[in-house]
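Down below is the structure, laid out as structure tokens.
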Amino acid sequence: MTTAVHLDGITKRFPGVVANDDVDLAVERGTVHALLGENGAGKTTLMNVLYGLYSAEEGRVVVDEVERHFDTPRDAIDAGVGMIHQHFMLVDPMTVAENVTLGSEPRKWFGLAVDRDRARSGVDDLCDRYGFDVDPDDRIEDVSVGVQQRVEILKALYRGADVLILDEPTAVLTPQEVEGLFEVFEELTDQGKTIIFITHKLGEAMHAADDITVLRDGVNVGSVPAAETTREQLAELMVGREVLLEVEKSPADPGPEVFAADDIVVRDDRDVEVVSNVSFAVRQGEVLGIAGVDGNGQSQLVETLTGLRQPTAGGVSLDGVDVTDHSRRRRIEDGMAYIPEDRHEQGLVMDFDLVENGLLGSQHTPPYANRGRVSWNRAQTHAEDIIEEYDVRPPNAEARAGSLSGGNQQKFIVGREFARDPRFVVAMHPTRGVDIGSTEFIHEQLLGLRDAGAGVLLVSSQLDEVRGLSDRLAVMHDGEFMAVVDPTDVTEEEIGLLMAGERPDRFPEEGEPEPSTAATDGGER
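Residues 1 to 525 in full-length UniProt numbering are what the sequence shown spells out, letter by letter.
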């Protein structure tokens, strides 16, 4: 078997960071090769070097046994290397055929006009050749995310790609669409194409790849055939120590209702309804999870629950008291903690140090403030306690938040919110960008809060995470709850159907959590 790609001693530096440190990578032609590692491990940087987006300070790029020098992606495309980025680059109002051929359209009338018939037939031929169920005449805005990803692959194939790089290709797909993508991989490799896909998901790497290379801190720490390794061995390579992969939890012992949302309707900044009549309740001592493909209203719903956005209709209550009109600051005082989706925009002030960031939301209340004056000694001790308990690096309370890696920023936010001793926690993507070891720790802390009697609302696009931690699981699609299910009594296939807007026969038309038997008082809605 011949080598399609050989990266030899690649080193790529950014100011203050060595993103890739003398990395070797060999990819055999006609295979699927997974590039596995945590966020920040250097995976995307390495592939951006191969694709010509970055130039390496040291090392060689060899494609089809010929050393190459790619100054731009155009050079890489000309050499048969294509890349499909995590965020698709498609024009929504245009058709599939127009997107595939954009910039490389066949011409007619001495080059004065686009030959749309040839463009369409060329895309149709590609679909037939590779078994893609895609209509060239469909508009991008009318097709699913899975089809959009196939369009991105078709774009690369249309330009002659023999090596396809896919960056986190399953991030926005349902389980069924993930399986469909892996079937596409098989069809492409059967016809001699080579696939490199970037992922941090162990199961996907083992399921879809022939070979797996693991990066940690910019270094290649191992390349193995997928059939000759285990999830545990790969996790240890990724983190550098043995890791508990499965969530271990005791059965929930739910108490009275701690939080409720009643018929929430939310319109976004464009005045489009993105949450439609959502109702649910969370009890003390339980985790209610919300699963769904990103972009189905989860963000706007959470903003409404936490006081960052006002609902168009409906209301929310905490401990039976209507808090719909309470500010974010007031909700913190009411006992609500919040791990936000975007740590940069909503979780931290990048120019503040960790002492100041640890104080956010508590700067007006004892023990950190008295009569408008902040006790900086107590704030310093508070930040140092978070840093020690959550292993935030560097362990320096005076460090600017913006100087920390994304994973360490996330750990600090989680530590700050959990230190509030909340009665109710909204955790949105709590382990995004965090290594496996820290993920294990954060999961333990969430379950510890649950077992101590707090109610937890967990929103995550990681299906393994939300299934493993949740006592009840709501599946959200297009702004609505499709069903609320027992995560131990539902298959991944059924969750995937619900995420795609299809309801399996055994689920009722409207799934809602069981009503609480606890009495509520105060606060009219």
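We put the beta carbon where it would ideally sit given N, CA and C, even for glycine.
Owing to the predicted nature of the structure, the values given are computational and were not obtained by experimental measurement.
Item to check | Buried versus exposed call for ALA379 [16 or more other C-beta atoms within 10 Å across all chains shown] | outcome: buried
Checklist entry - Run through DSSP, which three-state label would PHE418 get? => result helix
Checklist entry - Beta-carbon separation of ASP9 and GLU58 under 9 Å? => result Strictly speaking, residue 9 in this sequence is Gly, with Asp absent from that position. Taking 9 Å as the Cβ cut-off, GLY9 and GLU58 qualify as a contacting pair.
Next on the checklist: Am I right that GLU286 and PRO311 are in contact with their C-beta atoms under 8 Å? What's the rounded C-beta distance?
Outcome noted: Contact doesn't hold; Cβ gap of about 24 Å is too wide.
Checklist entry - Which runs of the alpha helix (DSSP H), 4 residues or longer, sit entirely within the region 172 to 222? => result 175 to 190 and 202 to 208
Checklist entry - Under 9 Å between the Cβ atoms of ALA383 and ASN357? => result yes
Item to check | Straight-line Cα distance separating VAL265 from GLU273 | outcome: 7 Å
Checklist entry - Using the C-alpha atoms, what's the distance from GLU440 back to LEU245? => result 7 Å
Next on the checklist: What does DSSP give as the partner residue(s) for LYS108 in the beta ladder?
Outcome noted: ALA113
Item to check | Straight-line Cα distance separating ALA483 from ASN39 | outcome: 32 Å
Checklist entry - What are the boundary residues of the beta strand (DSSP E) that HIS6 is part of? => result 3 to 14
Checklist entry - Got a sec, what are the start and stop residues for the alpha helix (DSSP H) LEU449 sits in? => result 436 to 451
Next on the checklist: Within 10 Å of its beta-carbon, does LEU215 have 16 or more other beta-carbons around it, so buried, or fewer, so exposed?
Outcome noted: buried
Next on the checklist: Let's test the definition: count the other Cβ atoms within 10 Å of the Cβ of ASN20 and tell me whether it reaches 16, buried, or not, exposed.
Outcome noted: buried
Checklist entry - Helix or strand or just coil, what does DSSP make of GLU512? => result Note that GLU512 scores a pLDDT of 46, beneath 50, so its modelled location is shaky; the value from the coordinates is reported in the next line. Three-state DSSP puts GLU512 in coil, outside helix and strand.
Item to check | Nearest to ILE212 (by Cα), restricted to the options HIS33, THR189, MET428 and ASP78 | outcome: HIS33
Next on the checklist: Whole angstroms are fine: how far does the CA of MET350 sit from the CA of ARG231?
Outcome noted: 36 Å
Checklist entry - Where DSSP assigns a beta bridge to GLY315, which residues make up the other side? => result ASP262
Next on the checklist: For VAL62 and VAL123, I'd like the C-alpha separation in whole angstroms.
Outcome noted: 30 Å
Item to check | Opening and closing residue of the beta strand (DSSP E) in which TYR338 lies | outcome: 336 to 339
Checklist entry - Out of curiosity, what's the CA-to-CA distance linking ASP268 and SER276? => result 12 Å
Checklist entry - Do GLU98 and ALA119 have their C-beta atoms within less than 9 Å of each other? => result yes
Checklist entry - Which runs of the alpha helix (DSSP H) fall wholly inside the region 272 to 330 and span at least 4 residues, in chain order? => result 298 to 305
Item to check | For GLY468, the first and last residue of its enclosing alpha helix (DSSP H) | outcome: 463 to 469
Next on the checklist: Using only the alpha-carbon positions, how far apart do ALA56 and ARG116 sit?
Outcome noted: 40 Å
Item to check | Coil, strand or helix - ARG150 by DSSP | outcome: helix
Checklist entry - Looking at THR101 and ASP138, is the spacing between their C-beta atoms short of 9 Å? => result no
Checklist entry - For SER438, which of VAL392, VAL282 and ASN396 has the nearest alpha-carbon? => result VAL392
Checklist entry - Going by the CB atoms, is the gap between PRO504 and LEU497 shorter than 9 Å? => result yes
Checklist entry - Between which two residues does the beta strand (DSSP E) carrying residue 565 extend? => result The structure shown does not extend to residue 565, since the chain spans only 1 to 525, so no value can be given for it.
Item to check | Cut-off 6 Å between Cβ atoms - residues of its own chain near ILE77, not counting five sequence neighbours on either side | outcome: ARG159
Checklist entry - Would DSSP call ASP489 helix, strand or coil? => result helix
Checklist entry - Where does HIS344 sit, in a helix, a strand or coil, going by DSSP? => result helix
Checklist entry - By DSSP, does LEU498 sit in helix, in strand, or in coil? => result helix
Next on the checklist: Report the CB separation of ALA261 from VAL316 in whole angstroms; it is logged as a contact under 8 Å.
Outcome noted: 5 Å
Next on the checklist: Here's the rule: buried if 16 or more other CB atoms are within 10 angstroms of the residue's CB, otherwise exposed. What is THR72?
Outcome noted: exposed
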